[in-house]
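Q:
2 protein chains.
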Amino acid sequence: MKVGYLGPKGTFSYEICKNSYGEEIEKIPYKTIKETILELQNDEVSEVIVPIENSLQGCVTETIDTLIENENLKIVEERILKINQNLMAKEKYNFEDIQEVYSHPQALAQCRNYLQNNLKNATIIETPSTALSAKEVSKKEFSACICNLECLSEYNLKLLEANIQDNSLNETKFWKLSKLEKDITDANVITMLFSTKHKPGALYNALKIFNDNGLNLTKIESRPAKTKLGEYYFLVDIEINNKSYEKPLEELKDVVGFYRILGKYKKSNET
Amino acid sequence: MKVGYLGPKGTFSYEICKNSYGEEIEKIPYKTIKETILELQNDEVSEVIVPIENSLQGCVTETIDTLIENENLKIVEERILKINQNLMAKEKYNFEDIQEVYSHPQALAQCRNYLQNNLKNATIIETPSTALSAKEVSKKEFSACICNLECLSEYNLKLLEANIQDNSLNETKFWKLSKLEKDITDANVITMLFSTKHKPGALYNALKIFNDNGLNLTKIESRPAKTKLGEYYFLVDIEINNKSYEKPLEELKDVVGFYRILGKYKKSNET
Chain A
19 MKVGYLGPKG TFSYEICKNS YGEEIEKIPY KTIKETILEL QNDEVSEVIV PIENSLQGCV
79 TETIDTLIEN ENLKIVEERI LKINQNLMAK EKYNFEDIQE VYSHPQALAQ CRNYLQNNLK
139 NATIIETPST ALSAKEVSKK EFSACICNLE CLSEYNLKLL EANIQDNSLN ETKFWKLSKL
199 EKDITDANVI TMLFSTKHKP GALYNALKIF NDNGLNLTKI ESRPAKTKLG EYYFLVDIEI
259 NNKSYEKPLE ELKDVVGFYR ILGKYKKSNE T
Chain B
19 MKVGYLGPKG TFSYEICKNS YGEEIEKIPY KTIKETILEL QNDEVSEVIV PIENSLQGCV
79 TETIDTLIEN ENLKIVEERI LKINQNLMAK EKYNFEDIQE VYSHPQALAQ CRNYLQNNLK
139 NATIIETPST ALSAKEVSKK EFSACICNLE CLSEYNLKLL EANIQDNSLN ETKFWKLSKL
199 EKDITDANVI TMLFSTKHKP GALYNALKIF NDNGLNLTKI ESRPAKTKLG EYYFLVDIEI
259 NNKSYEKPLE ELKDVVGFYR ILGKYKKSNE T
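As given, the protein sequences belong to chains A and B, one line each in that order.
For the first sequence, my numbering assigns the number 19 to the initial residue and increments by one for each residue that follows.
For the second sequence, my numbering assigns the number 19 to the initial residue and increments by one for each residue that follows.
#1: Check whether the segment 101 to 117 of chain A touches the segment 21 to 34 of chain B, counting contact only when three or more Cβ pairs, one atom from each stretch, lie closer than 8 Å.
#2: Output needed for Leu198/B: all residues of its chain with C-beta closer than 6 Å, excluding positions within five of it in sequence on either side, in chain order.
#3: Can you confirm whether Glu189/B, when its beta carbon is compared against all beta carbons of chain A, has any partner nearer than 7 Å?
#4: From the DSSP output, read off the bridge partner residues of Arg278/B.
#5: Short of 6 Å in beta carbon distance, which residues of its chain neighbour Pro281/A, apart from the five on each side in sequence? Order them along the chain.
#6: Among residues of its own chain, excluding the 5 on either side of Asn206/A, which ones have a beta-carbon nearer than 7 Å to its beta-carbon?
#7: Where does Pro266/B sit, in a helix, a strand or coil, going by DSSP?
#8: Quick check: is the beta carbon of Pro69/B nearer than 7 Å to any beta carbon in chain A?
#9: Quick one: does Ser73/B have its CB under 7 Å from some CB of chain A?
#10: Could you pull the start and end residues of the alpha helix (DSSP H) that Thr163/B belongs to?
#11: Between Gly219/B and chain A, is any beta-carbon pair separated by less than 7 Å?
#12: Tell me whether Asp115/A counts as near the ligand MG, meaning its Cβ is closer than 6 Å to at least one heavy atom of that ligand.
#13: Going by Cα to Cα distance, which pick from Thr50/B, Glu57/B, Lys20/B, Asn231/B is closest to Ile43/B?
#14: Return yes when the Cβ of Thr214/A is within less than 7 Å of the Cβ of Val274/A, no when it is not.
#15: In chain order, what residues of the same chain have a beta carbon less than 8 Å from the beta carbon of Asn188/B, not counting five sequence neighbours either side?
#16: Would the beta-carbon of Pro123/A fall within 7 Å of that of Pro123/B?
#17: Tell me whether Asp83/B sits in a helix, a strand or coil according to DSSP, three-state version.
#18: For Gly232/A versus Lys261/A, is the C-beta distance shorter than 7 Å?
#19: Does the distance from the CB of Ile9/A to the CB of Val63/A come in under 7 Å?
#20: Whole angstroms are fine: how far does the CA of Ala125/A sit from the CA of Asn135/B?
#21: Compile a chain-ordered list of the residues in the segment 247 to 264 of chain A whose CB is closer than 7 Å to at least one CB of chain B.
#22: Is the distance from the Cβ of Cys163/A to the Cβ of Tyr132/A below 7 Å?
#23: Going by beta carbon distance, what residues of the same chain come within less than 6 Å of Asp230/B, once the five residues before and after it are set aside?
#24: Report the residue from Phe228/B, Leu167/B, Arg278/B whose alpha carbon sits nearest the alpha carbon of Gln183/B.
#25: Comparing C-alpha positions only, which one of Ser196/A, Tyr251/A, Ser186/A, Phe192/A sits nearest to Asp61/A?
#26: Where does Ala152/A fall in DSSP's three states?
#27: If you measure from the beta carbon of Leu234/A to each beta carbon in chain B, is any gap under 7 Å?
#28: Starting from the C-beta of Thr289/A, find all residues in its chain whose C-beta is less than 7 Å away, skip the five residues before and the five after it, and write them out in chain order.
#29: So, at 6 Å on beta carbons, what are the nonlocal neighbours of Thr200/B in its own chain, with the 5 sequence-adjacent residues on each side left out?
#30: Just the chain A side, please: which residues come within less than 7 Å of Thr245/B by C-beta, in chain order?
#31: Just how far apart, CA to CA, sit Ser161/B and Lys52/A?
#32: By the three-class DSSP mapping on this structure, what secondary structure does Thr50/A have?
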């Protein structure tokens with residue numbers, strides 16, 4: 019068995035991957051979230067770990083949009099990781115000497131106020147992952163990166179400041195994806211994608227079906243349908259617990275354009 | 019009167035600003051969306067133009083999150099602009115010679131496939147606006163930027179390729195914000211922010227009030243409440259047309275944690 023993750027070594031996805039699979043499982047790093055998911059679609063790996071939502075920045079749109087475009091993939095597990103972002107560099111530079119700051123757009127966004135207050139004049143450089151910024155910065159003078167503490171030893175860097183995120187309640191939710199649907203006996207949530215028909219009350223009528231059948235909606239995310247402004251796909255999490263959801267799904271067919279179950283799995287309680 | 023926009027000259031926000039105000043109005047460029055909105059909050063300008071949503075990339079989270087944190091600002095107008103992204107540089111370089119590509123994260127995301135297919139090995143550098151990437155690139159060898167066609171002459175650049183966005187249906191919605199609520203007689207939409215109480219059916223019960231009062235929900239966006247994963251603010255657009263919405267707002271008080279009207283304005287029909 020081979021599993022894929024948003025690499026290189028030292029990303030938060032890698033941390034989940036290490037905790038989730040034994041030593042003997044081959045772990046393959048990919049350069050972007052999109053590539054990670056596409057290599058699962060192409061059967062290069064059996065499962066992948068990707069970030070889906072952060073408590074400060076919201077949904078990871080690259081993950082959702084790639085899942086929307088690839089129909090055969092299933093969420094089989096959810097994991098939550100407490101995130102600490104850290105500023106590192108090749109040497110112990112003073113802040114005023116740092117000319118460039120490298121990181122993943124999500125990590126940069128989580129530290130937006132910190133950067134504004136401490137490194138206002140540095141150029142911000144986007145990298146496809148946090149650990150890749152560490153790898154880059156390990157070869158550059160007067161540059162810093164924002165990443166997981168694991169990168170300190172992995173890339174032989176010096177810590178300039180720890181825990182620099184704008185809010186201490188920084189958690190990221192990850193999904194384990196697979197092509198094979200697993201029979202998870204204690205599954206208590208389904209994640210579903212649907213579009214609405216273009217008429218008044220369309221979204222309300224879809225949500226009414228869940229409510230009338232005693233199914234609680236715990237999350238709704240809208241993503242552009244990429245047709246025109248104002249047309250959306252909706253991604254919802256529905257608590258199923260032990261309830262039947264076959265009948266509501268039948269009813270749903272009449273009110274939505276299409277729907278797709280992205281997974282039936284157990285919600286993570288770790289925080 | 020002074021108005022602010024996400025600058026410098028040549029951004030899409032600048033284009034809306036030019037079309038929206040006469041020559042005699044002083045237009046002040048700011049470096050980030052957040053700064054633009056905060057300078058309105060600080061009374062440095064009377065109105066500002068900011069992007070709020072793109073048909074390919076979805077909501078501009080920096081705009082929403084800054085609006086959530088600043089309570090006195092009102093949406094007074096909506097404008098929609100067709101967006102074409104273009105690749106430019108100081109000279110007519112071959113693609114394989116381009117080492118860096120500069121642009122705003124939204125523009126980069128709109129051209130993600132194009133970049134992957136044509137400039138896979140170039141370093142991606144995030145700038146606070148599209149036009150700022152043009153300004154930077156006008157001083158750099160072997161670098162390219164992605165921006166509005168207006169930047170060609172503004173920064174004396176050469177066009178490498180026009181219309182490089184991944185999908186031709188690329189439109190951005192902008193809001194004009196003010197501290198003064200305007201009495202817009204043909205207003206047909208309200209945008210509202212609310213949180214839900216933490217109990218089953220909470221979001222459904224809020225949406226039910228609008229539906230039961232004949233008010234159609236045309237958009238819902240969830241943003242993290244920045245407390246913990248799974249807690250959200252909801253931003254909704256409600257078509258009011260000539261209907262009264264005072265009674266439903268009264269009812270809403272009983273089911274939501276808080277609510278705030280962000281504006282009552284006329285929907286743009288331009289596409």
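Each residue gets a CB set at the ideal place from its N, CA and C atoms; glycine is no exception.
Values in this document were obtained by computation on a predicted structure and should not be read as measured data.
A: Answer, in terms of the structure:
#1: By the Cβ rule, the segment 101 to 117 of chain A does not count as touching the segment 21 to 34 of chain B, because fewer than three pairs are nearer than 8 Å.
#2: none
#3: Judged by the 7 Å Cβ criterion, Glu189/B is in contact with chain A.
#4: Leu211/B
#5: Here residue 281/A is Gly; the residue named in the question, Pro, does not match the sequence. Non-local beta-carbon contacts of Gly281/A in its own chain, meaning distances under 6 Å to residues more than five positions away in sequence, involve Lys92, Ile93, Thr209 in chain order.
#6: Here Asn206/A has Glu257, Ile258, Asn259, Lys284, Lys285 as same chain residues with Cβ atoms under 7 Å from its own Cβ, once five neighbours each way along the sequence are excluded.
#7: helix
#8: No, Pro69/B does not count as interfacial toward chain A.
#9: yes
#10: The sequence given here places Cys at residue 163/B; Thr does not occur at that position. No alpha helix (DSSP H) holds Cys163/B; the beta strand (DSSP E) holding it covers 161 to 165.
#11: Yes, because at least one Cβ of chain A sits closer than 7 Å to the Cβ of Gly219/B.
#12: Ligands displayed in this structure: none; no statement on the ligand MG is therefore possible.
#13: Lys20/B
#14: yes
#15: Non-local C-beta neighbours of Asn188/B in its own chain, meaning closer than 8 Å and more than five positions away in sequence, comprise Asn72, Ser73, Leu74, Lys100, Ile101, Asn102, Gln103, Gln128, ordered along the chain.
#16: yes
#17: Helix at Asp83/B.
#18: Yes. Within cutoff.
#19: Here chain A comprises residues numbered 19 to 289, so residue 9/A is not present and cannot be evaluated.
#20: 25 Å
#21: Taken in chain order, the members of the segment 247 to 264 of chain A whose beta-carbon sits within less than 7 Å of a beta-carbon on chain B are Leu247, Gly248.
#22: no
#23: none
#24: Leu167/B
#25: Ser196/A
#26: helix
#27: Looking at the sequence provided, one finds Asn at residue 234/A rather than Leu. Cβ-Cβ to chain B under 7 Å: yes for Asn234/A.
#28: Below a pLDDT of 50, predicted positions are generally treated as unreliable, and Thr289/A, at 43, falls in that range; the measurement from the model is reported next regardless. Excluding sequence neighbours, Thr289/A sits near Ile98, Glu189.
#29: Sequence inspection shows Lys at residue 200/B; the Thr mentioned does not correspond to that position. Cβ neighbours of Lys200/B beyond the five flanking positions: Val94.
#30: Neighbours of Thr245/B across chain A, judged by C-beta separation under 7 Å: Leu187.
#31: 25 Å
#32: coil
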